[in-house]
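Undergrad: Encoded as structure tokens, here's the structure I'll be asking about.
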Amino acid sequence: MSISGSSASGYTTGEAMAEMERLAEELPEGFDFEWSGASYEEQQASGQLYWLLGLSLLTVLMVLAGLYESWSVPIAVLLVAPFGALGAVLFSMLRGLAADVYFNVGLVAIIGLSAKTAILIVEFAIEEEAKGEPLMTAVLNAVRMRFRPILMTSLTFVLGMLPLVLSTGPGSAARNAVGTGVMGGMLLSTLLGLFYIPLFYLLVRRWLTNRRPPTRLDREKAKRRPATQGGSEQR
């Protein structure tokens, strides 16, 4: 005889699996259990979270290194990612949600969302430096210029998560886990990032690199220069 079941409404698969394991310990000899479907996939992926987060951070680092043509400046962007992860964990704990596979999906999303906020400030700080502003002045100008756009985009995204956070009915546990984690991570990374991103950029520029990363105009000039020189040599 075999009995199959699924998590009840309002409970995540992680909570249901934990309860199943507890009940299985009370069964007499001759009874056994196994996972199937989404529970089996979650069980198989339970030990891959750290590899997944590490690969996500490495991917973002490589993309930013190519964007800024620097290995040090992307560090200032990625240092804000722990704030997003902390916000996701705190909000999920306050709602009593388990750290299941859906929560892990939210963590991966938070890495990109947190980096997006930092990129807005760092990019404008680099452009201000290119205009001849001192490092401190360039960072302060970048924060002033991007303060309102960052708040507008972040609050819009947080409000967009409300339907997932407040969702009820079948499948609501998965939506609640993703929405709560992403909302908490976005709120905390935005609030703390506005203060710490400029600090991270200043520390990286002073301690790790003294060279200003090239701006978009610098790269365009560098592309045109070889063509101009080659044309003069032909004449």
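Every letter in the sequence shown is one number past the one before it in my numbering, and letter 127, counting from 1, is 179.
Note that the Cβ used here is the ideal one computed from N, Cα and C, for glycine as well.
(1) For Leu111, which of helix, strand or coil comes out of DSSP?
(2) According to DSSP, is Leu260 helix, strand or coil?
(3) By DSSP, does Lys153 sit in helix, in strand, or in coil?
(4) Expressed to the nearest angstrom, what Euclidean distance is found between the alpha-carbon atoms of Leu207 and Met238?
(5) Pick helix, strand or coil for Leu251, following the three-state DSSP scheme.
(6) Judging by CA-CA distance, which residue of Leu110, Ala68, Arg147, Leu187 is the nearest neighbour of Ala229?
(7) Rounded to whole angstroms, what's the CA-CA distance from Met114 to Leu149? Just pull it up for me.
(8) Using C-beta distances below 8 Å, list every residue in its chain close to Glu185, excluding the 5 sequence neighbours before and after it, in chain order.
(9) Distance check for Ser122 and Pro265, CA to CA, integer angstroms please.
(10) Can you give me the C-alpha to C-alpha distance between Tyr102 and Leu255, rounded to a whole angstrom?
(11) Between Phe135 and Ser144, what straight-line distance do the alpha-carbon atoms span, to the nearest angstrom?
TA: According to the data block:
(1) Taking the sequence shown and counting its residues from 1, the one referred to as residue 111 is at position 59. As written in the sequence, residue 111 is Thr, which differs from the Leu given in the question. Three-state result, Thr111: helix.
(2) Stepping through the sequence shown from its first residue, residue 260 is reached at position 208. Three-state result, Leu260: coil.
(3) By 1-based counting over the sequence shown, the position of residue 153 is 101. The amino acid occupying residue 153 in the given sequence is Val; Lys does not appear at that position. Reduced to three states, the DSSP call for Val153 is helix.
(4) For this step, residue 207 is matched to residue 155 along the sequence shown. For this step, residue 238 is matched to residue 186 along the sequence shown. Rounded to the nearest angstrom, the two C-alpha atoms are 9 Å apart.
(5) Within the sequence shown, the letter at position 199 stands for residue 251. Helix.
(6) For this step, residue 229 is matched to residue 177 along the sequence shown. That would be Arg147, whose Cα lies nearest to the Cα of Ala229.
(7) The residue given as residue 114 occupies position 62 in the sequence shown. The residue given as residue 149 occupies position 97 in the sequence shown. Those two C-alpha atoms are separated by around 33 Å.
(8) Translated into positions along the sequence shown, residue 185 becomes position 133. For Glu185, where only same-chain residues beyond five positions count, the Cβ hits under 8 Å are Asn193.
(9) For the purposes of this step, residue 265 is taken as residue 213 along the sequence shown, with counting starting at 1. For the purposes of this step, residue 122 is taken as residue 70 along the sequence shown, with counting starting at 1. So the two alpha carbons sit approximately 7 Å from each other.
(10) As a first step, residue 102 must be located in the sequence shown, where it is residue number 50. As a first step, residue 255 must be located in the sequence shown, where it is residue number 203. Roughly 27 Å between the two C-alpha positions.
(11) For this step, residue 135 is matched to residue 83 along the sequence shown. For this step, residue 144 is matched to residue 92 along the sequence shown. Each residue's alpha carbon lies about 14 Å from the other.
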